[in-house]
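> Residue numbering for the sequence shown follows the working numbering, starting at 6 and increasing by one per position.
Idealized CB from N, CA, C, for every residue including glycine.
Just so we're clear, the structure is a prediction, and the values are computed from it rather than from any experiment.
Quick one: structure below, then a few questions.
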Amino acid sequence: MVKQEKIPEVSSVVLRPTSIEEAWELKKEIGTHAMFISGGTLLQMKREQGTALHPYLISLEKIDGMQEIQLKQIDSEHFLVIGASVRLADVRKHALIKQEWNILTHAVKEVAAPAVRNRATIGGNVCYMVGDTIPALLALAAKACWFDGNHLQIGEIELFLQQYQLNPSLILTAIMLPSQILAENKINVYKKIGRREAFIPSLVTVSLNGSFTSEFRAEHIRIAVGGGTYLPKRLIDCEQLLHEAVLTKEKIMSLYETIIREYNPASDAFVSSEYRKMVAANLIISELSSVFDGKV
């Protein structure tokens, strides 16, 4: 047991558990005096902003499996499982991700600078809650695997983010990418608008992943948006509008209006909510139109 009276006042003690259960118990014992870390880049940001370090840092880097990328079959489905402690630079370089899930490759490229990506982890980017990889993961229908103190849970990225907001002690262990649908016409888009400095959220980020028949009827479409301190989200109404619909100029105009209505980001010191709405709508419409090269 770690006793409270031993908590240092100045420097931090780094604890290195070798299992998820051990990490959880350490956090439970120490309480608010401890925090989980992996790459530590978010901790660096907070420190530079004047936030004092926790007396205890529980590193997840030594936990087996959290630094690996593996193909796995889970409940008859095939996934590429990316351990939460895998460096962003390694995600970007992975050949299979480039081939099958390339919008994640593009998203990682937009995260800060190379020096940050060499240290930062995909789990840390997701737990940042506004990380640049989140819109891409939402569009790819990625799942999250996390430990809640009793069991490993698997669910949609959206569910994990909701749970993590309520309980930041949850341990994200992996990101799971499902197999992609084969189709004649595919759209895989990731676009980021805004500042690129390390740890500075983008102004607007959009990601699209979908497939269409030869007649340009949508068979599958997922649209995600993010930007600023706004938690990235899917545009469900927009997806439903396009579902099994033939893409026409009228449908695209209706989509524009639906984006403006559904996407409700907050304003901040840099840009207004209306600006974010307009930029997101223009990006999505432009990308859909360019894919079909004037055929609609």
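Leaving out the 5 sequence neighbours to the left and right, which residues in its chain are closer than 7 Å to residue 114 when beta-carbon positions are compared?
Translated into positions along the sequence shown, residue 114 becomes position 109. 97, listed in sequence order.
> How do the region 164–175 and the region 77–85 stand: do at least 3 beta-carbon pairs fall below 8 Å, yes or no?
Because the criterion of three Cβ pairs below 8 Å is not met, the region 164–175 and the region 77–85 do not touch.
> With a cut-off of 8 Å on the beta carbons, I'd call residue 90 and residue 43 a contact; round off their distance for me.
The residue you call residue 90 lines up with position 85 of the sequence shown. The residue you call residue 43 lines up with position 38 of the sequence shown. That pair is a contact at about 5 Å.
> What is the C-beta distance between residue 261 and residue 290, in whole angstroms, given that I count them as a contact (C-beta under 8 Å)?
Along the sequence shown, read from residue 1 onward, the residue named residue 261 stands at position 256. Along the sequence shown, read from residue 1 onward, the residue named residue 290 stands at position 285. Residue 261 to residue 290, Cβ: 5 Å. Contact.
> What would DSSP say about residue 258, mapped onto helix, strand or coil?
Mapped onto the sequence shown, residue 258 falls at position 253. DSSP places residue 258 in helix when its eight states are reduced to three.
> For the putative contact between residue 293 and residue 192, defined by C-beta atoms under 8 Å, what is the C-beta separation to the nearest angstrom?
For the purposes of this step, residue 293 is identified with residue 288 of the sequence shown, where counting begins at 1. For the purposes of this step, residue 192 is identified with residue 187 of the sequence shown, where counting begins at 1. At roughly 7 Å, the Cβ-Cβ gap stays under 8 Å, so residue 293 and residue 192 are in contact.
> Where does residue 280 fall in DSSP's three states?
Within the sequence shown, residue 280 is the residue found at index 275, counting from 1. Helix at residue 280.
> Taking only three categories from DSSP, how would you classify residue 197?
As a working note, residue 197 is residue 192 in the sequence shown. It is a strand residue.
> Which full runs of the alpha helix (DSSP H) of 4+ residues lie inside the region 79–104, going along the chain?
Qualifying alpha helix (DSSP H) stretches, in chain order: 93–98.
> Is DSSP giving residue 151 helix, strand or coil here?
Here the question's residue 151 lines up with position 146 in the sequence shown. Strand.
> In or out: residue 178 buried (at least 16 other Cβ within 10 Å) or exposed?
Taking the sequence shown and counting its residues from 1, one reaches residue 178 at position 173. So residue 178 counts as buried.
> Classify residue 140: buried if its beta carbon has 16 or more other beta carbons within 10 angstroms, exposed otherwise.
As a working mapping, residue 140 is identified with position 135 in the sequence shown. Counting Cβ neighbours within 10 Å, residue 140 comes out buried, since at least 16 surround it.
> Using a Cβ-Cβ cut-off of 6 Å (strictly less than) and excluding sequence neighbours within five positions of residue 214, which residues of its own chain qualify?
As a first step, residue 214 must be located in the sequence shown, where it is residue number 209. Same-chain partners within the cutoff: 144, 145, 193 and 227.
> Quick check on residue 224: does DSSP put it in helix, strand or coil?
One-based indexing of the sequence shown puts residue 224 at position 219. If DSSP states are grouped into helix, strand and coil, residue 224 belongs with the strands.
> How do the region 219–235 and the region 245–262 stand: do at least 3 beta-carbon pairs fall below 8 Å, yes or no?
Cβ pair count under 8 Å is three or more, so yes.
> Can you name, in chain order, every residue of its own chain whose Cβ lies under 8 Å from the Cβ of residue 271, other than the five neighbours on each side?
Within the sequence shown, numbered from 1, the residue matching residue 271 stands at position 266. Here the set comprises 233, 234, 235 and 278.
> To the nearest angstrom, report how far apart residue 17 and residue 94 are at their CA atoms.
The residue you call residue 17 lines up with position 12 of the sequence shown. The residue you call residue 94 lines up with position 89 of the sequence shown. Rounded to the nearest angstrom, the two C-alpha atoms are 27 Å apart.
> Go through its chain and collect everything with a Cβ distance to residue 101's Cβ below 7 Å, but skip five positions before and after it.
Here the question's residue 101 lines up with position 96 in the sequence shown. For residue 101, where only same-chain residues beyond five positions count, the Cβ hits under 7 Å are 85.
> Are the Cβ atoms of residue 284 and residue 198 separated by less than 9 Å?
Residue mapping note: residue 284 aligns to position 279 of the sequence shown, counting from 1. Residue mapping note: residue 198 aligns to position 193 of the sequence shown, counting from 1. Yes. Within cutoff.
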